[in-house]
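Chains as they are written, first to last, in this note's numbering: chain A, 1 to 338; chain B, 1001 to 1363. Backbone N, C-alpha and C define an ideal beta-carbon position, used for all residues, glycine too. Just so we're clear, the structure is a prediction, and the values are computed from it rather than from any experiment.
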Ligand SMILES: [Zn+2]
């Protein structure tokens, strides 16, 4: 099953943008469902390394659009399980190597579908097995996590690990305090965080670091004034958000920046109406999907983060998203409690 | 997948289906071939070449990078054939072979890195190769590899001065060279060189926040290593404040304002970066510095009175200033109200932030 391949190819040239933009729910649902049928496109094969992420993005987008059953549940679960390895990790697709990025997506999908029971049915003790795979990737000296056995470290993996473990209810398997300290070692003078100690603040990494501090209930460590200022400075006159100073706006930053602002209670520090408008302008209103900027190729990645961004702005017709997990809020309430 | 900056194309009629099918077939048979060879543990130079071919088509296929590591790990333990040992080499044949394999691989991947400078896997794979060199080869050889990497990353940052993969890699290279120098007995610090590098990058682009950021991280170490006394530390602060004034000639340079705020933070009491530069500030010193910087910023209003950054800086610094010297009349509430009004007028996007600022400052 694949939802990543194939940017929307058929879009016509963007007509003049109307002032009042509507969210084309049905178009987006149709677009996401169509993604699994593009095997005649080279892009489909080139993106096999993203299958499981793509499924998470597509499924989450469909849930936010109020169409949680648009994909066949059992088929989705079967695909996820076909990506599981003996060591408890998940790969992007069958035959690929297990990695933290895909293991996290797998756990998110299973949690969304209320399918931890299915996991247990497929693999006896499956939940704990997955949790142990993740826990074993922690670097016990520094507290951060490797992406896989080859040793790449990045604050993204620390976030993926804690996110998945908290969904699984298995946080006790890792040294949470050390992880928190590691995030602190990545803090910069501007209130932001980078990929590791010493690295420049970057909205994507800020999301992962603030996410870690949210999950571990240590937001008291964030310099909310400074970080809020830095994050709100990401909004550009056209309403879109960029990821770092002097960079271009991009729909996916609606999520990384917006969710971080939401986690530190500073979402009102940007113009949400203008941001919503910018996101809506990035829709392909004929064939569905969202692009990084108006008139560009759409893809499922920008589709889910555009929708999640709209959800943060409480846009009508979009279900409430959880700013930490990027999953429907009611599902998070069910899995980890409100 | 996550396409960035690719214009939407009109219609699908422009697609040559037959050609695309052929392309898919070629790609898929290469994928199958490589995976079959790996599952048969055929860790040969020929299969290594196949992975190169595949990764050139798709560098995001992370599993193939892992295959490549497995092949090389196997090759590293192989005895070299006699034809390979005839050359006049400095190292024992087995090590020479490892050196050749790693240096060939590093060279080969430069092209791919230039084509895909934002691909995480390529940068990581390179790090892994260098770590292997460190473990398997004499330190001097590993050092020469890392030195070449320094040249490469400078080239990459010259092409895109904001590439954060490049900046991260640069910090890895520098840390590794420093660590290896320690291993060989005489620790060589590169902090002065790196500081000079940020200066160079800043002069070639005053908006380069990546360079400003790196500078903020280097300064504390630089001062420690210079064993700077209080006089030298003040001199450093003064020089940085001069440099940032140059960048602020364009008052819309957000990166410069961010760095200016960092410098002012080092003068602010109870700031997290307070003792980073000067350590013996009295309250009187702080007052002098704040007044001087705020005077300079007020002068900028004559150049551009419609630049919101100026008002924001004045308000923020005024707030700290009042914390240091509450009784002074240098800043008045009335003035601050005017600045805030200007800020609201010039920046309507962040209205909520200005509301919060207003109540925080009791305006
Ligand atoms: Zn994007």
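Per-residue burial, residue 103 of chain A [other beta carbons within 10 Å of its own, 16 or more giving buried]: On the first chain, position 103 is the one that residue 103 of chain A refers to. With 16 or more other Cβ atoms within 10 Å, it is buried.
Check: residue 1356 of chain B C-beta below 6 Å from any heavy atom of ligand 1: Reading the second chain from its first residue, position 356 is the one you call residue 1356 of chain B. Outside the cutoff, so no.
Going by beta carbon distance, what residues of the same chain come within less than 6 Å of residue 290 of chain A, once the five residues before and after it are set aside? In the first chain, counting from the first residue as 1, residue 290 of chain A sits at position 290. Correct list, in chain order: 251, 282, 283, 298, 302, 303 and 306.
Answer yes or no: the CB of residue 299 of chain A versus the heavy atoms of ligand 1, is any distance below 6 Å? Within the first chain, the letter at position 299 stands for residue 299 of chain A. No, since every heavy atom of ligand 1 falls outside the 6 Å radius drawn around the Cβ of residue 299 of chain A.
Using a C-beta to C-beta distance shorter than 7 Å, which residues of chain B count as neighbours of residue 274 of chain A? As a working note, residue 274 of chain A is residue 274 in the first chain. Those are 1349, listed as they occur along chain B.
Quick one: using the 10 Å Cβ neighbour count with 16 as the cut-off for buried, is residue 1214 of chain B buried or exposed? As a working mapping, residue 1214 of chain B is identified with position 214 in the second chain. Per the 10 Å Cβ criterion, buried.
Between residue 1063 of chain B and chain A, is the shortest Cβ-Cβ distance under 7 Å, so that the two count as touching? Indexing the second chain from 1 puts residue 1063 of chain B at position 63. Yes, residue 1063 of chain B lies at the interface with chain A (some Cβ there is under 7 Å from its Cβ).
Just checking, does the stretch 1145-1154 of chain B make contact with the stretch 176-183 of chain A on the three C-beta pairs under 8 Å criterion? no
Between residue 167 of chain A and residue 111 of chain A, which are expected to be in contact by the criterion C-beta below 8 Å, what is the C-beta distance as a whole number of angstroms? As a position in the first chain, residue 167 of chain A is number 167, starting the count at 1. As a position in the first chain, residue 111 of chain A is number 111, starting the count at 1. Indeed they touch by this definition, with Cβ atoms about 5 Å apart.
Give the range of the alpha helix (DSSP H) segment to which residue 182 of chain A is assigned. Walking along the first chain from the start, residue 182 of chain A turns up at place 182. Unbroken alpha helix (DSSP H) run through residue 182 of chain A: 176-185.
Does ligand 1 have even one heavy atom less than 6 Å from the beta-carbon of residue 252 of chain A? Indexing the first chain from 1 puts residue 252 of chain A at position 252. Checking the Cβ of residue 252 of chain A against ligand 1 gives yes.
Quick one: using the 10 Å Cβ neighbour count with 16 as the cut-off for buried, is residue 159 of chain A buried or exposed? Position 159 of the first chain, counted from the start, is the residue given in the question as residue 159 of chain A. When all chains shown are included, residue 159 of chain A counts as buried.
Spell out a yes or no on whether the stretch 1111-1119 of chain B and the stretch 1093-1100 of chain B are touching, meaning 3 or more CB-CB pairs, one atom from each, closer than 8 Å. no
Option nearest residue 346 of chain A by Cα separation, candidates A/287, A/300, A/334 and A/279: The question about residue 346 of chain A has no answer here: the residues shown for chain A are numbered 1 through 338.
Ligand 1 heavy atoms versus the CB of residue 340 of chain A: any closer than 6 Å? This structure gives no information on residue 340 of chain A, because the portion of chain A shown stretches from 1 to 338.
Is residue 98 of chain A close to chain B? Criterion is C-beta to C-beta, closer than 7 Å. On the first chain, residue 98 of chain A is found 98 positions in, with the first residue counted as 1. It does not; no Cβ of chain B falls within 7 Å.
Listing by chain order, which chain A residues have their CB less than 8 Å from the CB of residue 1265 of chain B? In the second chain, residue 1265 of chain B corresponds to position 265, counting from 1. Here the neighbours are 189.
Flag residue 1164 of chain B as yes if its beta-carbon sits less than 7 Å from any beta-carbon of chain A, otherwise no. Numbered from its first residue, the second chain carries residue 1164 of chain B at position 164. At least one chain A Cβ lies under 7 Å of residue 1164 of chain B.
When you compare the CB of residue 1027 of chain B with every CB in chain A, is at least one pair closer than 7 Å? In the second chain, the residue the question calls residue 1027 of chain B occupies position 27. Yes, contact with chain A.
Short of 7 Å in beta carbon distance, which residues of its chain neighbour residue 1304 of chain B, apart from the five on each side in sequence? Order them along the chain. Translated into the one-based positions of the second chain, residue 1304 of chain B becomes position 304. If we look at residue 1304 of chain B and ignore the five residues flanking it on each side, its Cβ neighbours are 1251.
Just to confirm, is the Cβ distance from residue 1313 of chain B to residue 1297 of chain B under 7 Å? Position 313 of the second chain holds residue 1313 of chain B. Position 297 of the second chain holds residue 1297 of chain B. Yes; because the gap between Cβ atoms is below 7 Å, this pair is in contact.
Can residue 1162 of chain B and residue 1210 of chain B be called in contact, C-beta distance under 7 Å? Counting from one through the second chain, the residue named residue 1162 of chain B turns up at place 162. Counting from one through the second chain, the residue named residue 1210 of chain B turns up at place 210. Yes. Within cutoff.
Spatial neighbours of residue 1308 of chain B within its chain, please: C-beta separation below 7 Å, excluding the five flanking residues on both sides. Looking up residue 1308 of chain B in the second chain gives position 308. Counting only Cβ-Cβ distances below 7 Å, and skipping sequence neighbours, we find 1343, 1346 and 1347.
Determine, using beta carbons only, whether residue 177 of chain A and residue 193 of chain A come nearer to each other than 7 Å. For the purposes of this step, residue 177 of chain A is identified with residue 177 of the first chain, where counting begins at 1. For the purposes of this step, residue 193 of chain A is identified with residue 193 of the first chain, where counting begins at 1. Their beta carbons are not under 7 Å apart, which means residue 177 of chain A does not touch residue 193 of chain A by this criterion.
Take the Cβ of residue 266 of chain A as the centre, count every other Cβ of all protein chains shown within 10 Å, and call the residue buried at 16 or more, exposed below. Reading the first chain from its first residue, position 266 is the one you call residue 266 of chain A. With 16 or more Cβ atoms within 10 Å of its Cβ, residue 266 of chain A is classed as buried.
If I follow the unbroken alpha helix (DSSP H) through residue 1220 of chain B, where does it start and stop? Here residue 1220 of chain B corresponds to residue number 220 of the second chain, with the count starting at 1. Where residue 1220 of chain B is concerned, the enclosing alpha helix (DSSP H) stretches over 1209-1225.
Could you confirm whether any beta carbon from chain B is found closer than 7 Å to the beta carbon of residue 46 of chain A? As a working note, residue 46 of chain A is residue 46 in the first chain. With 7 Å as the cut-off, residue 46 of chain A counts as an interface residue toward chain B.
I'd like to know whether the C-beta of residue 1060 of chain B is nearer than 7 Å to at least one C-beta of chain A. Within the second chain, residue 1060 of chain B is the residue found at index 60, counting from 1. Yes, because at least one Cβ of chain A sits closer than 7 Å to the Cβ of residue 1060 of chain B.
With a Cβ-Cβ cutoff of 7 Å, do residue 119 of chain A and residue 125 of chain A count as a contact? The residue labelled residue 119 of chain A in the question sits at position 119 within the first chain. The residue labelled residue 125 of chain A in the question sits at position 125 within the first chain. Against a cut-off of 7 Å, the Cβ pair of residue 125 of chain A and residue 119 of chain A comes out as no contact.
In chain order, what residues of the stretch 1243-1256 of chain B put their CB closer than 9 Å to some CB of chain A? Under the 9 Å Cβ criterion, the stretch 1243-1256 of chain B contributes 1253, 1254 and 1255.
Give the DSSP-derived three-state secondary structure of residue 251 of chain A in the structure shown. On the first chain, position 251 is the one that residue 251 of chain A refers to. Coil, per DSSP.
Cβ shell of residue 288 of chain A (< 6 Å), same chain only, five flanking positions each side left out: Taking the first chain and counting its residues from 1, the one referred to as residue 288 of chain A is at position 288. Excluding sequence neighbours, residue 288 of chain A sits near 27, 28, 30 and 31.
Under the rule that 16 or more other beta-carbon atoms within 10 Å means buried, what is residue 1269 of chain B, buried or exposed? As a first step, residue 1269 of chain B is located in the second chain; it is residue number 269 there, counting from the start. With fewer than 16 Cβ atoms within 10 Å of its Cβ, residue 1269 of chain B is classed as exposed.
For the alpha helix (DSSP H) holding residue 278 of chain A, just list the boundary residues, first then last. Stepping through the first chain from its first residue, residue 278 of chain A is reached at position 278. Where residue 278 of chain A is concerned, the enclosing alpha helix (DSSP H) stretches over 272-281.
Per DSSP, residue 153 of chain A is paired with what? Position 153 of the first chain, counting from 1, holds the residue named residue 153 of chain A. In the DSSP output, where bridge partners are listed per residue, residue 153 of chain A has A/146.
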